[in-house]
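Residue numbers (the working numbering): 18 to 386.
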């Protein structure tokens with residue numbers, strides 16, 4: 018009696034289709050070999066009489082199974098599912114090919130099967146700015162060295178560098194905003210071209226600022242971003258040295274009520290806080306006082322001169338253009354609108370009077386502390 022291995026080897030050489038070693042032409046090649054095997058085995062049984070050895074029964078049974086499997090090999094609907102339309106099969110030359118099933122072409126025709134149409138691939142959507150640091154509307158208390166922008170997809174560094182801008186926003190008396198560019202260096206790129214950090218060249222310590230990324234920023238496929246980005250932030254350092262309270266004038270020189278002051282003199286005014294120099298200059302003056310007709314009736318005439326702010330922003334000098342008049346009364350006046358560097362006003366007018374001497378001798382030239 019032949020062993021099971023012998024039966025396997027018998028069909029391995031006689032029916033390669035059923036062992037799926039050759040499915041190139043199942044309808045002719047496989048069918049011919051399989052039918053021939055059955056006929057040969059049947060004839061062999063007739064010649065030997067009614068008794069059929071067990072090994073021969075196995076061979077006949079295997080041949081019948083191969084006929085049934087032939088329906089599956091040829092893509093028929095008889096038994097079992099058909100092979101997928103794109104399943105790889107081995108050709109005569111050993112190279113994998115794809116099974117084309119004429120009875121089912123929906124997979125190759127998206128119009129016939131709308132559900133099989135390919136969807137959008139990852140990255141097909143235009144990129145967007147997903148975050149910035151500082152974020153839109155953020156209020157900082159200290160300066161920062163860089164501006165960080167993160168995108169949803171890898172970006173082209175050259176186009177992002179061209180599209181990025183940092184600006185300072187200032188407001189005039191009419192409330193209109195003015196925009197000036199703040200210089201930044203080329204960005205440091207990280208996270209697979211998604212994160213861009215722009216170093217700020219000149220430190221920014223106070224004010225309102227705007228981050229913008231224009232629509233010309235592109236991803237690595239040169240697709241423009243979905244929409245331009247704008248984010249606003251501000252820097253407001255914490256108030257120091259009591260700048261949250263109204264300032265005060267701590268001294269005048271010459272002091273209030275002085276007499277015999279030299280006609281060539283420099284006047285000095287000192288505050289207790291750093292002041293907004295431009296505003297103080299517009300609210301500081303030297304006045305000449307004359308007596309008009311009547312009791313307690315005085316005229317005040319502004320004296321031409323130069324106002325200078327000292328480096329500490331607390332001390333201011335008034336240098337009259339001409340010699341002061343002899344035995345003349347003058348007044349140094351600071352208006353209530355003078356403000357400190359935090360924008361808080363004096364709140365009330367402050368003044369100091371003095372009178373010059375009769376002669377021209379003597380000089381009092383004061384300077385910054």
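All residues carry an ideal CB built from backbone N, CA and C; glycine is no exception.
What residue range does the alpha helix (DSSP H) around residue i cover?
| i | result |
| --- | --- |
| residue 299 | 294 to 299 |
| residue 162 | It is not in any alpha helix (DSSP H) - residue 162 carries neither H nor E in the DSSP assignment. |
| residue 388 | Past the edges of the chain, shown from 18 to 386, lies residue 388, and the structure says nothing about it. |
| residue 179 | 174 to 180 |
If we count the other Cβ atoms within 10 Å of its Cβ and call it buried at 16 or more, is residue i buried or exposed?
| i | result |
| --- | --- |
| residue 121 | Here residue 121 scores only 45 on pLDDT, less than 50, and its place in the model should not be relied on; the value that follows carries that caveat. It is exposed - the Cβ of residue 121 has fewer than 16 other Cβ atoms within 10 Å. |
| residue 379 | exposed |
| residue 340 | exposed |
| residue 301 | buried |
| residue 290 | buried |
| residue 207 | exposed |
| residue 144 | buried |
| residue 338 | exposed |
| residue 315 | exposed |
| residue 293 | buried |
Are the Cβ atoms of residue i and residue j separated by less than 8 Å?
| i | j | result |
| --- | --- | --- |
| residue 248 | residue 149 | yes |
| residue 284 | residue 335 | yes |
| residue 371 | residue 278 | yes |
| residue 177 | residue 213 | yes |
| residue 280 | residue 343 | yes |
| residue 263 | residue 362 | yes |
| residue 306 | residue 321 | no |
| residue 331 | residue 288 | yes |
| residue 204 | residue 174 | yes |
| residue 324 | residue 356 | no |
| residue 217 | residue 201 | yes |
| residue 166 | residue 230 | yes |
| residue 353 | residue 364 | yes |
Could you tell me the boundaries of the beta strand (DSSP E) in which residue i lies?
| i | result |
| --- | --- |
| residue 251 | 246 to 252 |
| residue 227 | 224 to 230 |
| residue 155 | Taken as a continuous stretch (DSSP letters only), residue 155 belongs to no beta strand (DSSP E), as it is neither H nor E. |
| residue 214 | 212 to 216 |
| residue 370 | 367 to 373 |
| residue 322 | 322 to 326 |
| residue 209 | Neither: residue 209 is in no beta strand (DSSP E) and is coded neither H nor E. |
| residue 284 | 284 to 288 |
| residue 147 | 146 to 150 |
Next item on the list: Would you check if there are 3 or more beta carbon pairs closer than 8 Å linking the region 166 to 184 to the region 212 to 222?
Entry: Contact annotation: the region 166 to 184 touches the region 212 to 222, with at least three C-beta pairs closer than 8 Å.
Note to self: For a minimum of 3 consecutive residues, which ranges assigned as the beta strand (DSSP E) are wholly contained in the region 333 to 360?
What the structure shows: Listed in chain order, the complete beta strand (DSSP E) runs (minimum 3 residues) inside the region 333 to 360 are 346 to 351.
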